[in-house]
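*Asks:* I have a structure I would like to understand better, so I am pasting it below and will then ask my questions one at a time.
Residue numbers (the numbering used here), protein chains in the order written: chain A, 2 to 404; chain B, 2 to 404.
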């Protein structure tokens with residue numbers, strides 16, 4: 002238990018993962034539904050692609066050796082003995098001095114090993130061409146299995162399918178795949194001062210932002226968000242809601258309760274749910290200090306800060322890696338336009354706007370108090386100032402997590 | 002008409018846009034459904050956010066001037082006359098030498114203008130604190146309207162809503178927005194040699210990849226794809242399908258027909274649909290040369306190459322800007338690992354894998370024939386070699402469009 006030590010992101014994730022027991026369920030998906038889903042298991046190729054030797058050009062299928070030495074001055078003359086029809090195997094086979102007319106994608110007739118582009122031929126009569134440039138065996142062709150060899154590993158488990166991945170599956174004749182069922186994440190907002198977005202606002206009240214931002218981030222990360230709305234600071238009521246959310250979901254995020262008293266309150270509710278309960282209280286991260294990390298019966302419960310901006314930053318750093326472990330890890334490097342100080346012993350995440358200035362990717366810190374959601378709207382990403390650093394100087398290169 | 006001149010991407014888009022007449026329809030969406038949708042009109046703030054002066058810390062709401070000069074040795078003593086309850090307006094008001102207990106997010110009582118963090122106070126008795134550090138007016142508070150001022154422009158028309166944008170709307174009490182109805186795009190694959198993904202494959206046949214890749218790219222770009230399957234090279238059949246697709250959609254993509262004869266065939270079908278018909282035949286782009294651009298009755302029809310890879314590249318360059326004009330234009334700059342030659346007068350788009358090598362974003366060209374879909378699966382983006390360039394040298398910086 003590390004209740005009284007502020008953890009780094011890596012330490013926090015390690016402790017959570019040590020207690021999470023989550024065997025994702027799978028389901029079958031056709032290729033249209035599979036876009037954006039995560040493969041549950043490796044997929045191998047059931048057949049060669051292409052399934053036959055193909056032309057990649059419009060022209061004539063030939064025996065390459067018949068064209069050796071051909072020039073414009075002294076073409077190689079070949080008899081046209083047929084035409085390849087698209088989508089069927091050519092009937093005949095080609096012997097010395099013969100050729101088949103062929104279009105892009107056509108199947109090479111038996112005996113041929115190359116294609117002469119139509120641009121390098123001259124039609125002498127209906128049945129004869131002169132080839133004005135030699136071809137080597139294999140020229141302007143794709144061989145059976147060149148793209149995909151039967152039995153080869155096409156895509157590995159855990160991959161999130163993009164358009165081209167779905168295309169690869171289609172090419173190989175894989176029409177259904179086993180995909181991971183999206184994690185269901187319960188989203189709870191707490192706070193006596195928080196009211197629904199369409200309520201009339203009394204003095205002292207604020208609108209529920211976190212249900213929307215946290216729910217949206219669940220969906221952006223491929224999960225299914227179940228929203229439980231706003232729960233007041235009532236132990237029984239919050240306990241009932243958290244218990245229900247734990248039953249109905251693979252993970253739960255609770256936002257609010259970032260002030261000292263409320264944080265303890267949220268932690269008490271979580272601890273009353275089961276074992277091991279709260280694993281840490283506080284992150285060495287700015288913004289995001291008052292984060293609670295817990296696991297109950299193998300399911301993660303994350304207590305996010307109440308400030309929408311801090312909640313979004315912690316979601317990005319803690320919740321996203323848990324619910325979307327295959328998310329791209331590719332961060333950017335950008336030159337920061339202002340010097341920023343950072344207390345050592347804290348990772349700082351600074352909202353930045355990105356642009357190219359004189360060809361250099363540049364990160365402009367967004368000014369404004371961290372509680373202001375408009376700062377997040379203006380931002381393109383988070384610049385990271387590492388734990389050990391005391392700050393960055395204007396013009397220095399920083400790591401930026403885009404969003 | 003530019004039928005015989007290969008156009009640049011910019012020229013092609015300009016010609017298409019000059020003929021497209023497309024007034025996107027709008028619909029209302031709640032904040033949950035609004036994620037990822039495009040705003041149809043500007044949204045202004047109906048109220049100030051926050052709606053009252055708030056504390057950003059746990060501590061005591063004070064009159065800042067009462068703390069001036071306070072030190073640990075000589076604290077400023079204040080009477081605690083009440084506690085701010087979350088979600089309601091404090092009843093009393095604060096006079097000289099008085100303070101209210103307040104938590105993060107609480108509403109400042111009348112008369113106060115700053116918050117002293119609890120860490121800089123000492124509790125003397127139940128009703129008295131000593132403040133050991135002065136605060137300035139405004140310290141540890143957010144003022145009414147600091148985040149959003151009533152009437153201010155929140156988000157502009159054309160913006161695709163991210164999690165934080167939805168959060169901003171929620172904060173301002175905007176529970177429904179007017180969003181653009183997603184463009185519907187008809188997806189047609191042609192070719193006698195192309196068979197559905199779950200068909201038995203005869204020699205000379207290949208599977209339909211483009212229906213899946215093009216359909217997926219429509220969806221990735223926020224559109225709705227309507228798939229018409231594979232149509233053989235039959236003028237009447239293809240005409241009927243294109244006509245239906247034009248009726249049912251805002252745009253149509255037809256893939257296949259990249260060989261000379263087939264290209265003319267597809268162009269003839271398109272021209273038979275109406276005016277102005279085919280606007281260009283061929284792009285100065287590699288891969289992607291045999292692209293057809295057309296508009297019929299104000300709707301774009303794009304004839305994509307038959308090769309899945311070429312079709313995807315042209316989709317990215319031509320179709321995406323038409324159906325998803327608000328897509329991020331932020332490209333990356335990366336150091337290319339190999340020298341590549343490029344014919345002048347052609348824009349080259351080279352598939353690359355991206356990674357950081359010694360802190361520098363590096364683009365490794367994916368080798369392999371352009372017809373191989375596996376090359377696209379291995380790639381993270383397209384490196385662009387401009388029209389006028391004859392190539393790039395290893396180590397040079399190139400522009401990369403990520404995908």
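Backbone N, C-alpha and C define an ideal beta-carbon position, used for all residues, glycine too. Remember, predicted model here, so these are calculated numbers, not experimental data.
Under a Cβ-count criterion, where at least 16 other Cβ atoms within 10 Å of its own Cβ denotes burial, should residue 69(A) be classed as buried or exposed?
*Replies:* Taking the first residue of the first chain as position 1, residue 69(A) is located at position 68. Result: exposed.
*Asks:* Taking the alpha helix (DSSP H) that residue 362(A) belongs to, which residues open and close that run?
*Replies:* In the first chain, the residue the question calls residue 362(A) occupies position 361. Careful: residue 362(A) lies outside any alpha helix (DSSP H), inside the beta strand (DSSP E) at 361-366.
*Asks:* Does the segment 397-404 of chain A come close enough to the segment 128-144 of chain B that 3 or more CB-CB pairs lie under 8 Å?
*Replies:* The segment 128-144 of chain B, when compared against the segment 397-404 of chain A, does not touch it at the 8 Å Cβ threshold.
*Asks:* Between the alpha carbons of residue 169(A) and residue 155(A), how many angstroms are there, rounded?
*Replies:* Taking the first residue of the first chain as position 1, residue 169(A) is located at position 168. Taking the first residue of the first chain as position 1, residue 155(A) is located at position 154. Roughly 8 Å between the two C-alpha positions.
*Asks:* Let's test the definition: count the other Cβ atoms within 10 Å of the Cβ of residue 370(B) and tell me whether it reaches 16, buried, or not, exposed.
*Replies:* Here residue 370(B) corresponds to residue number 369 of the second chain, with the count starting at 1. So residue 370(B) counts as exposed.
*Asks:* Counting only beta-carbon separations shorter than 8 Å, does residue 149(A) have a partner in chain B?
*Replies:* Here residue 149(A) refers to the residue found at position 148 when the first chain is read from its first residue. So yes, residue 149(A) belongs to the interface.
*Asks:* Exposed or buried, residue 71(B), counting other C-beta atoms within 10 Å across all chains shown (16 or more means buried)?
*Replies:* The residue given as residue 71(B) occupies position 70 in the second chain. That one is buried.
*Asks:* Name the residue from 384(A), 288(A), 295(A), 267(A) whose alpha carbon lies nearest to the alpha carbon of residue 277(A).
*Replies:* Taking the first residue of the first chain as position 1, residue 277(A) is located at position 276. When each option's Cα is compared against that of residue 277(A), the closest is 295(A).
*Asks:* Just by C-beta distance, which residues in the segment 202-215 of chain B are closer than 9 Å to chain A?
*Replies:* Cβ contacts with chain A: 202, 203, 204, 205, 206, 207, 208, 209, 210, 211, 212, 213, 214, 215.
*Asks:* Over the uninterrupted alpha helix (DSSP H) stretch that includes residue 313(B), give me the two end residues.
*Replies:* Working through the second chain from its first residue, we reach residue 313(B) at position 312. Here the alpha helix (DSSP H) through residue 313(B) covers 309-315.
*Asks:* I'd like the span of the beta strand (DSSP E) that includes residue 108(A), first residue to last.
*Replies:* Walking along the first chain from the start, residue 108(A) turns up at place 107. Segment: none, residue 108(A) is in no beta strand (DSSP E) and carries neither H nor E.
*Asks:* Are the beta-carbon atoms belonging to residue 316(B) and residue 215(B) less than 8 Å from one another?
*Replies:* Along the second chain, one-based indexing puts residue 316(B) at 315. Along the second chain, one-based indexing puts residue 215(B) at 214. Yes, Cβ-Cβ distance for residue 316(B) and residue 215(B) is below 8 Å.
*Asks:* Going along the chain, which residues of its own chain have a beta-carbon closer than 7 Å to the beta-carbon of residue 389(A), five neighbours each way excluded?
*Replies:* Locating residue 389(A) in the first chain gives position 388, counting from the first residue. Answer for residue 389(A): 345, listed in chain order.
*Asks:* So, do the segment 175-192 of chain B and the segment 220-232 of chain B have three or more beta carbon pairs nearer to each other than 8 Å?
*Replies:* A contact exists between the segment 175-192 of chain B and the segment 220-232 of chain B.
*Asks:* Since residue 7(B) and residue 284(B) are thought to touch, with beta carbons under 8 Å apart, how far apart are those beta carbons, to the nearest angstrom?
*Replies:* To locate residue 7(B), count along the second chain from 1; it is residue 6. To locate residue 284(B), count along the second chain from 1; it is residue 283. That pair is a contact at about 6 Å.
*Asks:* Taking only runs of the beta strand (DSSP E) that begin and end inside the segment 129-164 of chain A, which ones reach a length of at least 3 residues, in chain order?
*Replies:* 129-132, 154-156, all fully within the segment 129-164 of chain A.
*Asks:* Mapping DSSP to helix, strand and coil, what is residue 263(B)?
*Replies:* Along the second chain, one-based indexing puts residue 263(B) at 262. In the structure shown, residue 263(B) sits in a helix (DSSP, three-state: H, G or I).
*Asks:* For residue 73(A), count the other beta carbons within 10 Å of its own beta carbon; 16 or more makes it buried, fewer makes it exposed. Which is it?
*Replies:* Here the question's residue 73(A) lines up with position 72 in the first chain. Residue 73(A) should be labelled exposed.
*Asks:* If you draw a straight line from the alpha carbon of residue 387(B) to that of residue 396(B), how long is it in whole angstroms?
*Replies:* For the purposes of this step, residue 387(B) is taken as the residue at position 386 of the second chain. For the purposes of this step, residue 396(B) is taken as the residue at position 395 of the second chain. The alpha-carbon atoms of residue 387(B) and residue 396(B) are separated by roughly 17 Å.
*Asks:* Leaving out the 5 sequence neighbours to the left and right, which residues in its chain are closer than 7 Å to residue 273(A) when beta-carbon positions are compared?
*Replies:* Numbered from its first residue, the first chain carries residue 273(A) at position 272. 240, listed in sequence order.
*Asks:* Is the number of C-beta pairs between the segment 322-341 of chain B and the segment 306-313 of chain B that are closer than 8 Å three or more?
*Replies:* Contact between the segment 322-341 of chain B and the segment 306-313 of chain B is absent, because fewer than three Cβ pairs lie under 8 Å.
*Asks:* Using only the alpha-carbon positions, how far apart do residue 236(B) and residue 160(A) sit?
*Replies:* As a first step, residue 236(B) is located in the second chain; it is residue number 235 there, counting from the start. As a first step, residue 160(A) is located in the first chain; it is residue number 159 there, counting from the start. Using only the alpha carbons, I get a separation of about 41 Å.
*Asks:* Compare the Cα-Cα distances from residue 101(A) to each of 381(A), 146(A), 55(A), 299(A) and report the closest residue.
*Replies:* In the first chain, the residue the question calls residue 101(A) occupies position 100. Looking at the Cα atoms, 55(A) is the closest of the given residues.
*Asks:* Since I believe residue 195(A) is in contact with residue 231(A) (beta carbons under 8 Å), could you give me their beta-carbon distance rounded to a whole number of angstroms?
*Replies:* By one-based count along the first chain, residue 231(A) stands at place 230. By one-based count along the first chain, residue 195(A) stands at place 194. The pair is a contact, with the Cβ atoms about 5 Å apart (cut-off 8 Å).
*Asks:* Whose C-beta lies closer than 6 Å to the C-beta of residue 1(A) among residues of the same chain, with five residues either side of it excluded?
*Replies:* In the structure displayed, chain A extends from 2 to 404; residue 1(A) sits before or after that span and is not available.
*Asks:* Can you list the residues of chain A that residue 180(B) reaches, using a CB-CB cut of under 7 Å?
*Replies:* Along the second chain, one-based indexing puts residue 180(B) at 179. Simply none; closest approach about 14 Å.
*Asks:* Mind checking which residues open and close the alpha helix (DSSP H) that includes residue 194(B)?
*Replies:* Position 193 of the second chain, counted from the first residue, corresponds to residue 194(B). Where residue 194(B) is concerned, there is no enclosing alpha helix (DSSP H), given that its DSSP letter is neither H nor E.
*Asks:* Start and end of the alpha helix (DSSP H) containing residue 11(A)?
*Replies:* Translated into the one-based positions of the first chain, residue 11(A) becomes position 10. Unbroken alpha helix (DSSP H) run through residue 11(A): 10-20.
*Asks:* Suppose contacts are defined by Cβ-Cβ distances below 8 Å. Is residue 162(A) in contact with residue 40(A) by that definition?
*Replies:* For the purposes of this step, residue 162(A) is identified with residue 161 of the first chain, where counting begins at 1. For the purposes of this step, residue 40(A) is identified with residue 39 of the first chain, where counting begins at 1. A contact, by the Cβ cut-off of 8 Å.
*Asks:* Is the segment 125-136 of chain A close to the segment 346-359 of chain B, with three or more CB pairs under 8 Å?
*Replies:* Result no; under three Cβ-Cβ pairs closer than 8 Å.
*Asks:* Under the assumption that residue 175(B) contacts residue 27(B) (Cβ atoms under 8 Å), give the Cβ distance between them as a whole number of angstroms.
*Replies:* Along the second chain, read from residue 1 onward, the residue named residue 175(B) stands at position 174. Along the second chain, read from residue 1 onward, the residue named residue 27(B) stands at position 26. Actually they are not in contact, since the Cβ atoms of residue 175(B) and residue 27(B) sit about 15 Å apart, beyond 8 Å.
*Asks:* Short of 7 Å Cβ to Cβ, which residues in the segment 162-194 of chain B face chain D?
*Replies:* Absence of chain D from the displayed structure is noted, the protein chains being A and B.
*Asks:* Given a cut-off of 8 Å, decide if residue 342(A) and residue 392(A) are closer than it, judged by their beta-carbon atoms.
*Replies:* Position 391 of the first chain, counting from 1, holds the residue named residue 392(A). Position 341 of the first chain, counting from 1, holds the residue named residue 342(A). In this structure, residue 342(A) lies closer than 8 Å to residue 392(A) by Cβ.
*Asks:* Which residues in the same chain as residue 10(B) place their Cβ atom closer than 8 Å to its Cβ, once the five residues preceding and following it in sequence are excluded?
*Replies:* The count along the second chain starts at 1 and reaches residue 10(B) at position 9. These residues qualify, in order along the chain: 284, 286, 318, 319, 348.
*Asks:* Could you check what DSSP says for residue 32(B) in three-state terms: helix, strand or coil?
*Replies:* For this step, residue 32(B) is matched to residue 31 along the second chain. Residue 32(B) falls in the helix class under three-state DSSP.
*Asks:* What would DSSP say about residue 244(B), mapped onto helix, strand or coil?
*Replies:* Taking the second chain and counting its residues from 1, the one referred to as residue 244(B) is at position 243. Residue 244(B) falls in the helix class under three-state DSSP.
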